[in-house]
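Undergrad:
Number of protein chains: 2
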Amino acid sequence: MGVTKTAIFTEQQNRAADLAKAFAHPARVAILQLLAQKKACVCGDLVDELPLAQATVSQHLKELKRIGIIKGEINPPRVCYCINEVVWEEARQTFGSLFDIYVGASTCC
Amino acid sequence: MGVTKTAIFTEQQNRAADLAKAFAHPARVAILQLLAQKKACVCGDLVDELPLAQATVSQHLKELKRIGIIKGEINPPRVCYCINEVVWEEARQTFGSLFDIYVGASTCC
DNA sequence: ACAATATATCGTAATATTACGATATATTGT
DNA sequence: ACAATATATCGTAATATTACGATATATTGT
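Protein chains in written order, with full-length UniProt numbering: chain A, 1 to 109; chain B, 1 to 109.
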């Protein structure tokens, strides 16, 4: 149905999935890399750096803002985007915890 | 268009996005948690553990297999699934590297 | 051989995502 | 006031994803 049954899973599982979505598209990986590298917000320079239409970049930024991993400061006519450190660390820890569940090889396979 | 322009991004960005997709749905987070915890493969017990139809679980397993983060050993009539340690570590490092790009707070925002 | 069991695949429906052109919005500099 | 600039949003089209019932497939135990 293309509709995820979120009510069925735990808060943590849904949040982890949402944080993963931030990285689940190459354009968003590229955006996050740019913002993380430059530290300073790159605002609409992102559009120049990416081979996508302005509307498409804006759409990806909106999704990243929804997840919370970036924030934008309106400074008309520009908008400054940058990593939201708090959520960045939340994501780092969320994935870290997930990866740490697995310890050692499986007995079968 | 719902179609991602993969040719436009780097190999690494596309791979990172694909690895993120493994975690980008709560059901897959749940599956990976179960497999990582139990070490041993849980085979079709996954269907019992998850509030989803057998066909849906099978579909998620197929996607995880495509990404490579799990592997299945056919042992008819059952199939044993477990974490693919190599790809698990690849994912851990991929996300680790991404998170490490960001050092310190931004100057603006 | 055949029932039972476990899993994959097919078909289908509904919704989500990706992409972009066009337009709306809002501010700055003249 | 108005052109220029930057960005968000709208509308739309195409494809992807999620979900599940039904069925196919393949093996074991009888």
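C-beta: ideal position from N, C-alpha, C; glycine also.
These figures come from a predicted structure and were not determined experimentally.
1) List the residues of chain B that residue 25 of chain A touches, going by C-beta distances under 7 Å, in chain order.
2) Pull up the distance between the alpha-carbon of residue 11 of chain B and that of residue 68 of chain B, whole angstroms please.
3) Could you list which residues in chain A have their beta carbon closer than 7 Å to that of residue 8 of chain B, in chain order?
4) Counting along the chain, where does the alpha helix (DSSP H) carrying residue 21 of chain B start and finish?
5) Quick one: is residue 28 of chain B buried, meaning 16 or more other Cβ sit within 10 Å of its Cβ, or exposed?
6) Find out if the Cβ-Cβ distance for the pair residue 53 of chain B, residue 26 of chain A is shorter than 8 Å.
7) Could you tell me if residue 94 of chain B is buried or exposed, where buried requires 16 or more neighbouring beta carbons within 10 angstroms of its beta carbon?
8) Using only CA atoms, which one of A:35, A:92, A:97 lies nearest to residue 96 of chain B?
9) Would the beta-carbon of residue 71 of chain A fall within 8 Å of that of residue 82 of chain A?
10) Please tell me whether residue 29 of chain B has its Cβ less than 8 Å away from any Cβ of chain A.
11) Does the CB of residue 101 of chain A have a neighbour CB from chain B at under 8 Å?
12) Under a CB-based cut-off of 8 Å, is residue 20 of chain A close to chain B?
13) First and last residue of the alpha helix (DSSP H) that includes residue 71 of chain B?
14) Closer than 8 Å, CB to CB, is residue 92 of chain B near chain A or not?
15) Could you tell me whether the Cβ atoms of residue 30 of chain A and residue 9 of chain B are closer together than 8 Å?
16) I believe residue 32 of chain A touches residue 22 of chain A by the beta-carbon criterion, under 8 Å. Please report the beta-carbon distance rounded to the nearest angstrom.
17) Which residue spans inside the stretch 31-101 of chain A form an unbroken beta strand (DSSP E) run of at least 3?
18) Expressed to the nearest angstrom, what Euclidean distance is found between the alpha-carbon atoms of residue 3 of chain A and residue 58 of chain B?
19) From the beta carbon of residue 83 of chain B, is the nearest beta carbon of chain A less than 8 Å away?
TA: In brief:
1) 4, 17
2) 16 Å
3) 51
4) 11-22
5) buried
6) no
7) buried
8) A:92
9) yes
10) yes
11) yes
12) yes
13) Not the alpha helix (DSSP H): residue 71 of chain B falls in the beta strand (DSSP E), residues 70-75.
14) yes
15) yes
16) 7 Å
17) 70-75, 78-83
18) 17 Å
19) yes
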